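Asker: One structure coming up, written as structure tokens, with questions to follow.
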Amino acid sequence: MIGDWLDIGPTDQIAPGNARTLPVRGGEEIAVFHTMDNQFYALVNKCPHKQGPLSQGIVHGNVVTCPLHNWNISLKTGEALGDDEGCVPTIPLRVDAGRIYLLREAVVAKRAAVAKAA
Ligand code: FES
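Mapping of the sequence shown onto full-length UniProt numbering: position 20 corresponds to residue 20, and the numbering continues sequentially without gaps.
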């Protein structure tokens with residue numbers, strides 16, 4: 001099953017509380033987050049409000065606060081929390097032997113969807 005997952009590098013490339021972006025050729029940029037309690041999550045790097053770069057937000061618990069207008073977005077579900085409404089796609093992610101993997105079809109499907117829309 002390893003072939004279905006894209007190896008995007010070692011876990012220690014992202015410090016706890018930080019995020020890294022991953023450009024997807026022809027698709028949406030992906031933000032990979034490392035939380036303070038050592039969880040990893042991947043979301044499309046666009047806030048559901050006005051497409052703010054979530055990778056530049058502040059991570060607290062399993063939530064990122066958008067840098068533009070402070071919406072709180074769940075890293076687990078991609079949903080806006082509190083009174084705000086909206087959802088950003090999440091990308092299945094797993095960690096194995098110190099490396100981060102993203103589900104290939106989630107990354108590739110986004111690329112195909114964008115290609116169709118173009
Ligand atoms: S763009 Fe993220 S809160 Fe407005």
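Using N, Cα and C, we set each Cβ at its ideal position, and we do this for glycine too.
Note that the structure is predicted; figures quoted are calculated from it, not measured.
For G98 and P10, I'd like the C-alpha separation in whole angstroms.
Answerer: As a position in the sequence shown, residue 98 is number 98, starting the count at 1. As a position in the sequence shown, residue 10 is number 10, starting the count at 1. Looking at the two C-alpha atoms, the distance is approximately 6 Å.
Asker: What residues sit near the ligand FES, counting only those whose C-beta is closer than 7 Å to one of its heavy atoms, in chain order?
Answerer: Those residues, listed in chain order, are C47, H49, K50, Q51, G52, C66, L68, H69, N70 and W71.
Asker: Using DSSP with H/G/I as helix, E/B as strand and the rest coil, what is V32?
Answerer: In the sequence shown, residue 32 corresponds to position 32, counting from 1. If DSSP states are grouped into helix, strand and coil, V32 belongs with the strands.
Asker: Checking 7 Å against the spacing of the C-beta atoms, do A15 and L93 come in under that value?
Answerer: Walking along the sequence shown from the start, residue 15 turns up at place 15. Walking along the sequence shown from the start, residue 93 turns up at place 93. No.
Asker: DSSP on A97, reduced to helix/strand/coil?
Answerer: Along the sequence shown, read from residue 1 onward, the residue named residue 97 stands at position 97. It is coil, neither helix nor strand.
Asker: Under a three-way DSSP split, which group does E105 fall into?
Answerer: Taking the first residue of the sequence shown as 1, we reach residue 105 at position 105. The answer is helix: DSSP assigns E105 an H, G or I state.
Asker: Which of the three DSSP states, helix, strand or coil, is assigned to L6?
Answerer: Position 6 of the sequence shown holds residue 6. In the structure shown, L6 sits in a strand (DSSP, three-state: E or B).
Asker: Quick one: grab the DSSP three-state call for T21.
Answerer: Locating residue 21 in the sequence shown gives position 21, where the first residue counts as 1. DSSP places T21 in strand when its eight states are reduced to three.
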